[in-house]
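Numbering (my numbering), first residue to last: 1 to 256. For every residue, glycine included, the Cβ atom is placed at its ideal position computed from N, Cα and C. None of the values given here were measured: they were computed from a predicted structure.
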Amino acid sequence: MQVTAWLAGRLGAAARALVPRAWHRSTRLARQLLDKCDGRVLSGPFAGCRYVSGSHGSTYWPKLLGTYECELHGLIEEILGRGFSRALIAGAAEGYYAAGLAIRSPRMEVVAWEASPAARELLGELLAKNGVGDRVRVRGICTMSELACELGNGADTFLLVDIEGAEAILTDPARLDGLNRAELLIETHEPFVPGVEALLTERFAATHHLRWIAPRPRRVEEIAPQQVAKRFHGALVQLMDERRPAGIRWLHLRPR
């Protein structure tokens with residue numbers, strides 16, 4: 001029995017030696033942050049949102065930390081400040097934006113489309129946790145006809161599109177006139193759909209002010225660094241990493 005325990009201990013030590021020290025720290029930090037967060041988003045525009053235990057199509061920790069897509073935080077505050085009565089979200093995943101916008105803007109009606117049944121289940125759980133299920137309508141695949149019905153003439157509407165390379169199909173103002181008056185935020189996937197950035201620029205240059213937003217490396221300062229001991233700062237940056245493919249950008253379109 002003693003030999004077995006000794007051998008297990010030695011094997012465990014050997015296995016730990018093969019794992020980079022930063023990974024050990026990431027694991028320890030994750031445990032600490034789970035206690036600190038208590039299931040709520042820690043920072044950012046949706047700080048305090050009660051979150052679910054997983055994410056769909058993106059990394060989980062940036063959402064719980066509140067650093068997810070932090071390049072957009074200022075823009076999200078602008079959108080909230082404009083007081084839109086409706087937000088349409090094509091590609092809602094588990095609902096980070098759908099729930100967050102509904103929480104921050106109690107007068108806003110939200111329609112969230114998500115193709116994945118598993119993601120929609122998480123989305124329903126997230127809405128229930130935060131008491132906003134009555135103001136967020138959840139749908140499946142976002143078709144052109146459904147979007148046209150919800151968009152109407154586009155006035156007083158914010159549209160967020162993140163549909164993994166199919167953005168050019170839905171955002172065609174020649175087919176959806178309401179897009180000419182709506183404010184849009186589109187995640188573009190130029191590496192996978194070459195030419196989509198030029199196409200969207202051509203479509204909206206006459207009707208909207210265009211702003212391209214590029215991802216940037218994460219820094220400890222994205223959240224209050226005093227919340228984390230200095231020896232864990234490297235691990236914190238690792239947890240913030242969204243593993244976003246190179247070349248992905250966002251296009252913000254505000255009507256002229």
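*asked:* Beta-carbon within less than 6 angstroms of R249's beta-carbon, same chain only, minus the 5 sequence neighbours each way: which residues are those?
replied: Around R249: T188, W212 and A214.
*Taking C142 as the reference, give the member of G133, L126 and L159 with the closest Cα.*
Here the closest residue by C-alpha is L159.
_DSSP state of R16 mapped onto helix, strand, coil_ = The predicted model places R16 with a pLDDT of 46, which falls under 50 and marks its position as unreliable, so this point remains unresolved.
*Specify, as a first and last residue, the run of the beta strand (DSSP E) that E187 falls within.*
Per DSSP, E187 belongs to the beta strand (DSSP E) from E183 to T188.
*Excluding the five sequence neighbours on either side, which residues of its own chain have a C-beta within less than 7 angstroms of the C-beta of L101, listed in chain order?*
Taken in chain order, the residues that qualify are A87, M108 and V110.
_Please report the straight-line C-alpha distance between E202 and H208, rounded to a whole angstrom._
Distance between the alpha carbons of E202 and H208 is about 11 angstroms.
*Consult DSSP for G152 and reduce its assignment to one of helix, strand or coil.*
In the structure shown, G152 adopts coil according to DSSP, grouped into three states.
_Residue span of the alpha helix (DSSP H) that contains P62, given as start and end_ = W61 to L65 is the extent of the alpha helix (DSSP H) around P62.
*asked:* Let me see if you follow: with CB-CB separation under 8 angstroms, is V41 close to chain D or not?
replied: The structure shown contains no chain D, having only a single protein chain.
*Of all the alpha helix (DSSP H) runs that stay within the bounds of the stretch 81–146, which reach a length of 4 or more residues?*
Here the runs fully enclosed are 96–104 and 117–129.
*asked:* Less than 7 angstroms between C-beta atoms, sequence neighbours within five positions excluded: which residues of the same chain meet that for V196?
replied: Only E167, A168, T188, H189 and E190 meet the Cβ criterion.
*Spell out the partners DSSP gives R211 in its beta bridges.*
H252.
*Would a C-beta distance cut-off of 8 angstroms place A115 and L151 closer than the cut-off?*
Contact: no.
*Does DSSP classify R50 as helix, strand or coil?*
In the three-state reduction of the DSSP assignment, R50 falls in the strand class, which pools E and B.
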